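Novice: In my numbering, the protein residues as written are 3 to 473. Below is a structure I'd like to ask you about.
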Ligand code: SF4
């Protein structure tokens with residue numbers, strides 16, 4: 003038995019990238035994750051304490067992905083601040099933001115590599131502002147200044163997301179009366195995912211606080227004119243997280259810490275994962291909802307599940323079996339996609355996780371993959387795009403499909419490998435943010451998109467294109 007297990011672990015290796023340095027990173031830096039969280043809060047504009055680029059490029063990326071406009075501020079640190087400290091710029095930024103935006107109540111102050119290196123005491127300046135400026139100039143106005151430490155010389159946008167979720171929850175959560183709701187921490191989701199999750203909750207008649215809720219980023223253009231998008235999670239939502247009957251964090255690395263905090267601090271039971279990608283994980287998610295709330299899974303969802311299984315059955319054995327796939331991106335998404343591909347009889351041969359989180363080595367889902375897989379699969383941590391490109395160009399890696407976000411598209415284009423865009427950021431395909439990857443609807447969408455990408459490739463390369471005529 004032990005030998006058997008060792009043999010399988012040899013099939014599926016988990017190892018860090020062997021080079022120092024990074025060639026074409028898969029992720030951007032920690033403050034980006036904190037910014038993505040903060041746009042999910044209503045009446046909130048974050049101040050990123052650092053150079054303007056730490057906002058400008060991230061905001062552009064998020065805007066390109068969601069095709070919406072939103073607001074986020076910078077303390078705009080320059081040379082003088084980098085040498086002598088730049089806390090005065092935080093003070094000015096808070097004042098300007100409060101003057102310019104009378105509706106703003108929540109201001110996270112998100113640090114960056116430069117301001118962490120120079121050692122700016124952001125917590126200290128928040129105390130100073132609370133006791134000074136807010137009392138003197140904004141007396142009677144509800145304002146919350148929340149320091150969020152996201153130095154970008156550790157972690158990635160994923161850990162930045164996790165840190166920010168926990169910091170917001172820790173700041174606001176207040177025990178009062180039980181609210182008979184559950185907390186649902188979506189993790190780094192698209193508006194389409196939020197809609198799909200709300201649909202599942204509604205079918206089960208579960209009242210949930212969906213946290214860092216960005217559904218409204220798929221916003222209408224109304225006759226009254228254009229306006230910027232904002233998230234829908236309110237201060238009251240955040241405060242009431244301590245009074246919920248439980249928390250489900252769908253992504254271990256994007257909200258798991260906050261769920262654990264609520265359990266430790268307020269006895270709110272936490273269920274962390276699985277990310278409901280594919281049939282099995284969606285089934286588990288619904289079972290977890292049932293366990294937490296006592297609400298049954300309705301016939302309507304059994305039917306949705308049946309439709310999804312029917313759609314997958316049409317594709318799996320005929321088109322997906324043994325297709326060799328490389329997957330990269332946010333770890334929970336990537337693990338969920340890998341599990342889903344295995345269920346579809348595909349062979350994920352290369353899985354790239356783009357940061358140095360030591361937790362991946364002990365992740366139960368990765369251990370389960372190691373036990374399950376009976377062919378050579380590599381899981382590379384702290385990975386970059388060279389890990390993918392080098393294997394294709396120089397080591398003979400053959401792939402039928404790549405799953406990942408837009409940043410890796412040149413590897414697919416240059417090597418003529420079909421690719422489905424999935425994950426953040428996706429900016430070179432229309433409407434991806436509108437479609438869910440979670441739930442039964444997400445399983446259908448993912449499988450059919452993967453199939454269509456493969457079909458297009460078959461036509462293009464005349465590789466058994468005739469099958470499509472008789473299908
Ligand atoms: S790596 Fe540092 S300087 Fe660059 S965007 Fe991120 S926080 Fe800003």
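Positions of the beta carbon are idealized from the N, C-alpha and C atoms, including for glycine. It should be emphasised that the depicted structure is a prediction, and the values quoted were computed from it without experimental measurement.
Along the chain, which unbroken stretches of the alpha helix (DSSP H) at least 4 residues long are found entirely within the stretch 273-351?
Specialist: 280-295, 301-317 and 333-345, all fully within the stretch 273-351.
Novice: So what does residue 2 bridge to, in DSSP terms?
Specialist: Not covered by the structure: residue 2. The range shown for the chain is 3 to 473.
Novice: How do the stretch 303-322 and the stretch 249-259 stand: do at least 3 beta-carbon pairs fall below 8 Å, yes or no?
Specialist: As far as the Cβ criterion goes, the stretch 303-322 does not touch the stretch 249-259, which means the pair count is below three.
Novice: For the stretch 32-41 against the stretch 59-67, do three or more pairs of beta-carbon atoms, one drawn from each stretch, fall closer than 8 Å, so that the two count as touching?
Specialist: In short, these stretches touch, since the Cβ pair count reaches three.
Novice: I need the boundaries of the alpha helix (DSSP H) containing residue 367, first residue and last residue.
Specialist: 366-374 is the extent of the alpha helix (DSSP H) around residue 367.
Novice: Kindly list the residues whose CB is nearer than 6 Å to the CB of residue 52, restricted to its own chain and excluding five residues on each side of it in sequence; keep chain order.
Specialist: Hits under 6 Å: 79, 114, 116 and 117.
Novice: Are residue 435 and residue 193 close, meaning C-beta to C-beta below 8 Å?
Specialist: Closer than 8 Å, so yes.
Novice: Count the other CB atoms within 10 Å of the CB of residue 229; is the residue buried (16 or more) or exposed (fewer)?
Specialist: Label assigned to residue 229: exposed.
Novice: Could you tell me whether any non-hydrogen atom of the ligand SF4 is closer than 7 Å to the CB of residue 441?
Specialist: Answer for residue 441: no, Cβ out of range of the ligand SF4.
Novice: So, does the stretch 446-457 touch the stretch 234-244, judging by three or more C-beta pairs under 8 Å?
Specialist: No: fewer than three Cβ pairs fall under 8 Å.
Novice: Quick check on residue 44: does DSSP put it in helix, strand or coil?
Specialist: Residue 44: coil per DSSP, three-state reduction.
Novice: Please classify residue 402 as buried or exposed, where buried requires at least 16 neighbouring CB atoms within 10 angstroms.
Specialist: Classification for residue 402: buried.
Novice: In whole angstroms, what is the alpha-carbon distance linking residue 45 and residue 351?
Specialist: Near 44 Å, if we compare the C-alpha coordinates of residue 351 and residue 45.
Novice: DSSP state of residue 143, grouped into three classes?
Specialist: If DSSP states are grouped into helix, strand and coil, residue 143 belongs with coil.
Novice: Inspect the beta-carbon positions of residue 148 and residue 249 and report whether they are closer than 8 Å.
Specialist: No, these two residues do not count as a Cβ contact at 8 Å.
Novice: Who are residue 386's beta bridge partners in DSSP?
Specialist: DSSP output for residue 386 lists 27 as bridge partner(s).
Novice: If you follow the alpha helix (DSSP H) that residue 237 is part of, which residue opens it and which one closes it?
Specialist: Unbroken alpha helix (DSSP H) run through residue 237: 237-241.
Novice: Starting from residue 159 and walking both ways along the alpha helix (DSSP H), at which residues does that stretch end?
Specialist: Segment 159-174, the alpha helix (DSSP H) holding residue 159.
Novice: Taking just the CA atoms, how far does residue 179 sit from residue 264?
Specialist: Each residue's Cα considered, the two are about 15 Å apart.
Novice: Threshold first: 3 residues or longer. Then list the beta strand (DSSP E) segments lying entirely within the stretch 100-144, N to C.
Specialist: Complete beta strand (DSSP E) runs here, min 3: 108-113.
Novice: Buried or exposed: which applies to residue 416, given that a residue is buried once 16 or more other Cβ atoms fall within 10 Å of its Cβ?
Specialist: With fewer than 16 other Cβ atoms within 10 Å, it is exposed.
Novice: Indicate, with yes or no, if the ligand SF4 has a heavy atom lying under 7 Å from the CB of residue 154.
Specialist: The answer is yes for residue 154.
Novice: By a C-beta neighbour count over all protein chains shown, 10 Å radius and 16 as the cutoff for buried, is residue 333 buried or exposed?
Specialist: Result: buried.
Novice: Report yes if the C-beta of residue 33 is less than 7 Å from at least one heavy atom of the ligand SF4; otherwise report no.
Specialist: Indeed, a heavy atom of the ligand SF4 lies less than 7 Å from the Cβ.
Novice: Taking Cβ to Cβ, would you say residue 158 is nearer than 8 Å to residue 357?
Specialist: A contact, by the Cβ cut-off of 8 Å.
Novice: What residues in its chain sit with their C-beta under 6 Å from that of residue 214, if we drop five residues either side in the sequence?
Specialist: 39, 42 and 235, listed in sequence order.
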